[in-house]
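Line by line, the protein sequences are chains A and B.
Each residue of the first sequence is one higher than the last, beginning at 28 in the working numbering.
Each residue of the second sequence is one higher than the last, beginning at 54 in the working numbering.
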Amino acid sequence: MSDVPAGLETLDFSFSGGRPAGAFAPVLVGVVGSGNLEVMLEPDAGNGCAVRVETSARGFGPIWQAVMNDFHARHPLAGVRVSINDMGATPAVVSLRLDQAVAEIAGGRP
Amino acid sequence: MISYAECSARERLGLLLDAGSFHEWLPPSERVTSPHLAQLGVPCAFDDGVAVGRAMLDGCSVFVAAQEGAFMGGGVGEVHGAKLVGLLQRALRDRPAAVLLLAESGGVRLHEANAGLIAVSEVMRALLDVRAAGIPVIVLIGGANGCFGGMGIVARCADHIVMSDVGRLAMSGPEVIEASHGVDEFDSRDRALVWRTTGGKHRWLIGDCDALVEDDVAAFRAAAVTALNESKPLTLAALEQEHLLLTDRLHALPSTDTTGTTDSDEATLLWTALGIPDAQQVPELSVDAVRALRTV
């Protein structure tokens, strides 16, 4: 038996120093399927970028931190709330979904 | 040509309806999610696996729901079912030209047990109320997960069913039949058998669906537009007619004991009994060719 308890893990990250995303309609990309995830971006009051992850794969907090650090480096957003439901997506898939969501804000199609 | 089967539920909505016309109720940002899944360690989806709303189809006002097969196999949980029921009940009030159901579901979401079962029964009741009010309910089936279990029953309660050849429609799914009756009764790994007995071509030939289309979003859209004006009366006479058709079909199937063949399965025997020539060739035929073969 693993030492990691069963159940969901909730992870919160926050970033500051981004540029304001301005007003936009909430966007949703991806699906909560095996090895996949959904990412929702919504406008948020304030100058930060708050990220909440609900994941079925417990014990990967440091990897999520690294993936989100990279995301913030690519897209330094402010005034955005990022919400993720994850079913064991790999870091590469997570990064692609995040980039897809940002592209959707800009009105681009995936 | 864009594969309907490979689209997500939201991609289907974007491509099937008039461009930009979909207005969603209870969108993901409302976070109306399952109250049950987290206790089981399963992540929820912000839309609980179904998007509902109003839209335009070929200039007509319609209500529409799209199930996401990639989330828990499109399973109907408590919230998912309540969204479908709410959409149908609102249709009674607002009277759209039709209600479209882009079905892709394994049936009840077993994680939610009785709540899911009750939800599906409520969907059936609401759907029949909508039909009784003279508003056609059109079901589109072409997702990789098919349309099974309670949603299979829901589909057969509707006015009009559009299927692609890759779509599947049945009550018990292949694995369920194998688990309950054994691999000799039904080998769920035999994909050809699964499609011969549940696939769109079969459902078309025996009269269980009203249109057979290619796996193409544009073809589904065209078939849905055609179905907009094809409300079927929900009457005792229509129900008795349906029962008669089912009885005839059951009796049309020759007993496998008397045929003595082992390489000919019941689907092929039934097609032959219904007067379809070269029934063994049906799985190899194009959608166009199969469409011309229907005898019922």
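We treat Cβ as the ideally placed atom computed from N, Cα and C, and that holds for glycine.
Just so it is clear, the structure is predicted and the values come from calculations on it, not from any experiment.
Residues bridged to residue i (per DSSP)
i                : result
Val56 (chain A)  : A:Val66
Val192 (chain B) : B:Leu154 and B:Ile214
Gly205 (chain B) : Bridge partners of Gly205 (chain B): none, in fact.
Ser114 (chain B) : B:Met109
Trp78 (chain B)  : B:Val105
Arg221 (chain B) : B:Gly252
Cys76 (chain A)  : A:Phe42 and A:Val107
Leu265 (chain B) : B:Met216
Asp318 (chain B) : Looking at the DSSP assignment, Asp318 (chain B) forms no beta bridge with any residue, so it has no partner.
Neighbourhood of residue i by C-beta distance below 6 Å, restricted to the same chain and skipping five residues each side
i                : result
Asn112 (chain A) : Val59, Glu65 and Glu81
Ala179 (chain B) : Val138, Leu141 and Gln142
Arg108 (chain A) : Glu69, Asp71 and Ala77
Asn74 (chain A)  : Ala105
Contact set for residue i: own chain, Cβ-Cβ below 8 Å, skip 5 residues either direction
i                : result
His213 (chain B) : Pro189, Val190, Ile191, Val192, Asp263, Ala264, Ala280, Glu283 and Lys285
Val343 (chain B) : Asp218, Lys254, Trp257, Leu258, Leu265 and Val335
Ser122 (chain A) : Val94, Asp97 and Phe98
Thr117 (chain A) : Gly62
Beta carbon of residue i nearer than 9 Å to that of residue j
i                : j                : result
Val78 (chain A)  : Glu131 (chain A) : no
Arg63 (chain B)  : Ala108 (chain B) : no
Met224 (chain B) : Phe201 (chain B) : yes
Val132 (chain B) : Ser174 (chain B) : no
Val205 (chain B) : Leu181 (chain B) : Before going further, note that residue 205 (chain B) is Gly rather than Val in the sequence given. No, the pair does not count as a contact, with Cβ atoms beyond the cut-off.
Phe124 (chain B) : Ala166 (chain B) : no
Val270 (chain B) : Tyr57 (chain B)  : yes
Ala118 (chain B) : Lys136 (chain B) : yes
Val85 (chain B)  : Phe116 (chain B) : no
Val54 (chain A)  : Ala128 (chain A) : yes
Ala326 (chain B) : Ala345 (chain B) : no
Ile230 (chain B) : Val215 (chain B) : no
Gly328 (chain B) : Thr300 (chain B) : no
Cys210 (chain B) : Arg184 (chain B) : yes
His76 (chain B)  : Gly106 (chain B) : yes
Glu36 (chain A)  : Gly115 (chain A) : no
Assigned exposure category for residue i - 16 Cβ within 10 Å defines buried
i                : result
Asn63 (chain A)  : buried
Asp39 (chain A)  : exposed
Gln120 (chain B) : buried
Pro81 (chain B)  : buried
Pro227 (chain B) : buried
Leu292 (chain B) : exposed
Ser339 (chain B) : exposed
Thr251 (chain B) : buried
Gly199 (chain B) : buried
Ser233 (chain B) : exposed
Residue nearest to residue i in terms of C-alpha spacing, selected from the options
i                : options                                   : result
Ile259 (chain B) : B:Val278, B:Ser233, B:Gly235 and B:Thr321 : B:Thr321
Arg162 (chain B) : B:Leu222, B:Val117 and B:Val95            : B:Val95
His102 (chain A) : A:Ala48, A:Gly34 and A:Thr37              : A:Ala48
Glu157 (chain B) : B:Leu145, B:Trp78 and B:Cys60             : B:Cys60
Gly126 (chain B) : B:Ala197, B:Gly187 and B:Val183           : B:Ala197
Leu110 (chain B) : B:Ala91, B:Phe273 and B:Asp243            : B:Phe273
Ala93 (chain A)  : A:Gly34, A:Phe42 and A:Ala33              : A:Phe42
Asp101 (chain B) : B:Leu93, B:Ser114, B:Leu79 and B:Gly112   : B:Leu79
Contact set for residue i: own chain, Cβ-Cβ below 7 Å, skip 5 residues either direction
i                : result
Ile171 (chain B) : none
Ala50 (chain A)  : Pro70
Leu125 (chain A) : Val66 and Phe98
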